[in-house]
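Structure, as structure tokens:
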Amino acid sequence: MTQAVDDAAPPDSLPVAQVRRRRRWTVYAVWLVPLIAAGVAAYLVNNHIRQYGPTITIKFTDASGLKPGQSEIRHRGVTVGEVSGLRLSDDGAHVLVSVRIRSESSDVARDGSVFWIVRPEVGFEMVRGLGTVITGPYIDVSPGSGPPRTDFAGVERPSPALGRRGLHLVLATPQLSSVRLRASVHYRGIEVGMVSETGLSRDGTAAHIHVLIEPRYARLVRMGSQFWNASGVDVNVSLFKGIDINVDSLRSLVAGGIVFATPSAESLPAKDGTVFLLNDKPQKEWLAWAPKISIPVASGE
Numbered sequence: 055m056t057q058a059v060d061d062a063a064p065p066d067s068l069p070v071a072q073v074r075r076r077r078r079w080t081v082y083a084v085w086l087v088p089l090i091a092a093g094v095a096a097y098l099v100n101n102h103i104r105q106y107g108p109t110i111t112i113k114f115t116d117a118s119g120l121k122p123g124q125s126e127i128r129h130r131g132v133t134v135g136e137v138s139g140l141r142l143s144d145d146g147a148h149v150l151v152s153v154r155i156r157s158e159s160s161d162v163a164r165d166g167s168v169f170w171i172v173r174p175e176v177g178f179e180m181v182r183g184l185g186t187v188i189t190g191p192y193i194d195v196s197p198g199s200g201p202p203r204t205d206f207a208g209v210e211r212p213s214p215a216l217g218r219r220g221l222h223l224v225l226a227t228p229q230l231s232s233v234r235l236r237a238s239v240h241y242r243g244i245e246v247g248m249v250s251e252t253g254l255s256r257d258g259t260a261a262h263i264h265v266l267i268e269p270r271y272a273r274l275v276r277m278g279s280q281f282w283n284a285s286g287v288d289v290n291v292s293l294f295k296g297i298d299i300n301v302d303s304l305r306s307l308v309a310g311g312i313v314f315a316t317p318s319a320e321s322l323p324a325k326d327g328t329v330f331l332l333n334d335k336p337q338k339e340w341l342a343w344a345p346k347i348s349i350p351v352a353s354g355e
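Note that my numbering has the sequence shown beginning at 55, numbered continuously upward.
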């Protein structure tokens with residue numbers, strides 16, 4: 055008899071699984087990306103903090119349009135800081151605006167600095183701040199020269215003469231009439247200055263018009279100079295000549311204008327703060343005055 059054969063032959067040897075150990079650097083790589091991201095974020099935050107210097111507070115009566123983190127503070131068109139917060143004063147009459155000044159521009163926060171909010175303004179004699187229609191209001195500053203400080207009272211509107219050099223005069227008149235801020239001051243038809251401020255005298259008996267004469271033309275003003283109001287239309291009716299209408303200029307018609315004449319170059323030059331009388335009309339002899347006064351050459355000529 056044939057010997058019985060096993061039903062199943064012994065199978066071939068099974069493959070042995072090879073276990074590949076994960077390299078350590080792949081484990082570290084998983085954590086490397088978030089660590090780098092955290093480092094970059096820390097650097098950006100630290101750099102953002104370092105670029106800002108002191109935080110100052112500016113008091114305004116109205117801060118409409120200003121937004122923390124968006125509204126800028128500028129000087130000569132350059133951003134020097136940003137608004138970081140808004141809150142009401144304890145009496146509720148003012149808005150306290152917190153501003154972070156950039157470290158390289160910290161000199162703008164000094165005693166004597168003037169801050170104001172720039173908003174769009176449209177008037178007969180000026181158009182200003184139209185860019186803020188798109189960008190929103192911002193704070194402008196004219197730096198002072200005193201010691202550093204952190205608390206300021208903002209102004210509604212800066213003086214047109216702010217930051218400008220020249221001869222400051224005061225013209226007294228019983229009635230302000232049509233003279234307004236930024237009205238031009240002329241000498242022989244040439245604009246040599248502007249009205250920088252208007253107000254009452256200390257005793258309230260007269261209106262005071264503060265005038266700034268440009269440095270180049272300051273020597274034209276002498277102690278004997280005469281000023282008069284050249285605003286509006288001058289109408290003279292004569293039986294033989296008919297009607298004579300004299301319009302000084304469209305700007306003078308709208309904003310008001312001032313003219314002055316000087317009798318002699320021998321009279322003493324006017325000093326800062328000198329008070330002159332503003333006449334309603336010139337006398338004929340004033341129009342004939344023609345003193346020889348040398349004028350410095352303007353830069354660029």
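For each residue, glycine too, the CB sits at the ideal point set by N, CA and C.
{"Asked": "Specify, as a first and last residue, the run of the beta strand (DSSP E) that L142 falls within.", "Found": "132–142"}
{"Asked": "What do you reckon, are the CB atoms on A261 and L223 nearer than 8 angstroms?", "Found": "no"}
{"Asked": "On a CA-only basis, which of Y192, S159, L341 is nearest P202? Give me that one, please.", "Found": "S159"}
{"Asked": "Three-state secondary structure (DSSP) at L120?", "Found": "coil"}
{"Asked": "Under DSSP, the beta strand (DSSP E) around W343 begins and ends at which residues?", "Found": "It is not in any beta strand (DSSP E) - W343 carries neither H nor E in the DSSP assignment."}
{"Asked": "Just the C-alpha distance for R173 and Y106, rounded to the nearest angstrom, thanks.", "Found": "25 angstroms"}
{"Asked": "Under 8 angstroms, do R276 and P323 count as touching if we go by C-beta distance?", "Found": "yes"}
{"Asked": "Nearest CA to the CA of W340: which residue from S321, V313, V329?", "Found": "V313"}
{"Asked": "Which residue comes first and which comes last in the beta strand (DSSP E) that contains H129?", "Found": "126–129"}
{"Asked": "If you follow the beta strand (DSSP E) that M277 is in, where does it begin and where does it stop?", "Found": "Per DSSP, M277 belongs to no beta strand (DSSP E) and is neither H nor E."}
{"Asked": "Suppose you measure from the CA of T328 to the CA of K346; what does that come to, to the nearest Å?", "Found": "22 angstroms"}
{"Asked": "Please state whether the Cβ-Cβ distance between F169 and I90 is less than 8 angstroms.", "Found": "no"}
{"Asked": "How many Å lie between P191 and I171 at the Cα?", "Found": "7 angstroms"}
{"Asked": "Expressed to the nearest angstrom, what Euclidean distance is found between the alpha-carbon atoms of G198 and P88?", "Found": "47 angstroms"}
{"Asked": "Helix, strand or coil for S196 per DSSP?", "Found": "strand"}
{"Asked": "Among D116, V137, F114, which one has its Cα closest to the Cα of P122?", "Found": "V137"}
{"Asked": "How many whole angstroms separate the CB atoms of S250 and V265, which I take to be in contact at a CB cut-off of 8 angstroms?", "Found": "7 angstroms"}
{"Asked": "Closer than 6 angstroms by C-beta to S196: which residues in its own chain qualify, once you throw out the five before and the five after it? Chain order, please.", "Found": "V168, L216, G217"}
{"Asked": "Do A352 and R270 count as a contact pair if the criterion is CB distance below 8 angstroms?", "Found": "yes"}
{"Asked": "In the DSSP output, what is K335 paired with across the bridge?", "Found": "None, per the DSSP bridge assignment."}
{"Asked": "Note down, one range per segment and in chain order, each beta strand (DSSP E) of at least 3 residues found wholly within the region 224–278.", "Found": "238–241, 244–254, 261–267"}
{"Asked": "Within its chain, find whatever has a CB closer than 7 angstroms to the CB of P214; leave out the 5 residues flanking it on each side and keep chain order.", "Found": "L235, R236, M248, S250"}
{"Asked": "Rounded to whole angstroms, what's the CA-CA distance from G208 to F114? Just pull it up for me.", "Found": "5 angstroms"}
{"Asked": "Would you tell me roughly how many angstroms separate the C-alpha atoms of R154 and V162, rounded to the nearest one?", "Found": "12 angstroms"}
{"Asked": "For T259, count neighbouring C-beta atoms within 10 Å of its own C-beta (all shown protein chains included) and say buried if the count is 16 or more, exposed if not.", "Found": "exposed"}
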